[in-house]
Ligand code: BT5
C-alpha cells in the first residue's frame, strides 16, 4: 500500500511540478487508474495538495510539512536507515513502539516516528516535551554485533550525526554536552536516549531515541523549560523542514555507523571531541550516588567521561547529569 503511494510520489517528483496523466501514473506504478485515483485521495487526506485537470492529469502543488513515511522517503539517500518507517500522528513514546518492533524482529534501520508524543521519555524516567508538528521525535532500531559495555558509544555516535545534520541543514553549530545533549548557546536543542535489549552479554537490539526541537517558538515550551531549552527556529529565525532534517540525520548516522562497525570508535570519538563543549573545563557530575567536581579530561575509547578532581584523582563517569 505505502509502496504504491511512494511510487506515485516518485512519479510526481520526476515530473517537477508538471502534469502527469492518470494513465502514466497507472503504468508507472503498475495498477489501475481507479486505484491511482484512490491513492490520490489518500495523499490529499495526508495533506498533499494535488491539482487535477481533466485531460491533463495531476500535478503536485505542495507536500505537507509532516513527517510521514512518504515525506521522509522521497529523496532519502540511505540503504537501510529509514527504509522501514512506522509513522503515527500521536503516540505515548516512540521508544515504546520501537522496543516492541525490535522484539518482533524489525529490520535494522527501522524507525518509529510521530508528530507528537504524549509521554515522551528522557533518562531516569524524566519527561521529554514533544508537542505536535514542531519537532523530531523518532526512535531508530539498530542491531550491532558489539559487546554490551560498548553500547553507550552509540549515543555519542548519534549525537555527532545529529550535530552534523543540524550544521548541514541550518547555519547553526551545535555543541555536545556529555553524554547526550546538543546545545546551542548553552540551551538544549536535542536529547538522545539509548535503550538496550540484551540477553546475558549479547545485544539483541539498541533503540536510539532522538528528540530535536525544530520549529517551536519560545512560548511553545512550558515555563520550566524556557530558560534551558531552545529550538532551531528560535536560534536561526527560519522554520526548517523536519523531513529534510530527518533525511540528513539518517544519512549521517548510517554513514557514521558503517565507519564505526568497520573501524571502531576512534573516528567517532575524534568527531565527538570536535563538538564537545565540556572538555578541559571544570564540571559537576551528579551520579546516583555522589557528586564529583573536576576537570573534564576527555572520554575513553568506550565513551566514558574522565574527570580529574582537585587532588589529581581521575574518576571515570559512566552515567551522570553534568552541569557546566
Ligand atoms: C534526554 O533525557 O535528553 C533524552 C530525550 C530523548 C527524547 C526522545 S524523543 C524520541 C524518543 N522517544 C522518547 O520517548 N524519547 C526519545 P535527559 O537527559 O534525561 O533530559 C530530560 C530533561 O530535559 C528533562 O528533565 C527536562 O529538564 C529537559 N527537557 C524536556 N523536554 C525538553 C525539550 N523538548 N527540549 C529541551 N529540554 C527538554
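Residue numbers (UniProt numbering): 2 to 325.
Glycine included, every Cβ here is placed at the ideal spot set by N, Cα and C.
Straight across, the Cα-Cα distance linking residue 166 with residue 248 is about 9 angstroms. Comparing alpha carbon positions, the residue from 225, 3 and 68 closest to residue 39 is 3.
With contacts defined as CB atoms closer than 7 angstroms, residue 99 and residue 147 fail to qualify as a contacting pair.
Taken from the Cβ of residue 230, at least one heavy atom of ligand 1 lies inside 6 angstroms. Residues of the same chain with a CB within less than 6 angstroms of the CB of residue 114, apart from the 5 flanking positions on each side, are 68, 88 and 139 in chain order. Using a cutoff of 6 angstroms, the CB of residue 281 does not count as near ligand 1, since none of the ligand's heavy atoms is closer than that. Distances from the CB of residue 198 to the heavy atoms of ligand 1 are all 6 angstroms or more.
When only Cα atoms are considered, residue 184 and residue 53 end up about 45 angstroms apart. By the Cβ rule, the region 151-158 counts as touching the region 297-305, because three or more pairs are nearer than 8 angstroms. Leaving aside the five residues that flank residue 14 on each side, the residues in its chain whose CB is nearer than 7 angstroms to its CB run, in chain order, 75. In the DSSP annotation of this structure, residue 67 is not part of any beta strand (DSSP E), being labelled neither H nor E. C-alpha of residue 131 to C-alpha of residue 117: approximately 6 angstroms in a straight line. Following the DSSP letters along the chain, one finds residue 118 inside the beta strand (DSSP E) bounded by residues 112-118. Taking all protein chains in view, the Cβ of residue 17 is surrounded by fewer than 16 other Cβ atoms within 10 Å, so the residue is classified as exposed. The shortest C-alpha to C-alpha distance from residue 215 to any of 136, 238, 323 and 266 is the one to 136.
Going by C-alpha positions, residue 93 is about 6 angstroms away from residue 121. Taking each of 224, 296, 186 and 149 in turn and checking the Cα distance to residue 202, the smallest one comes out for 149.
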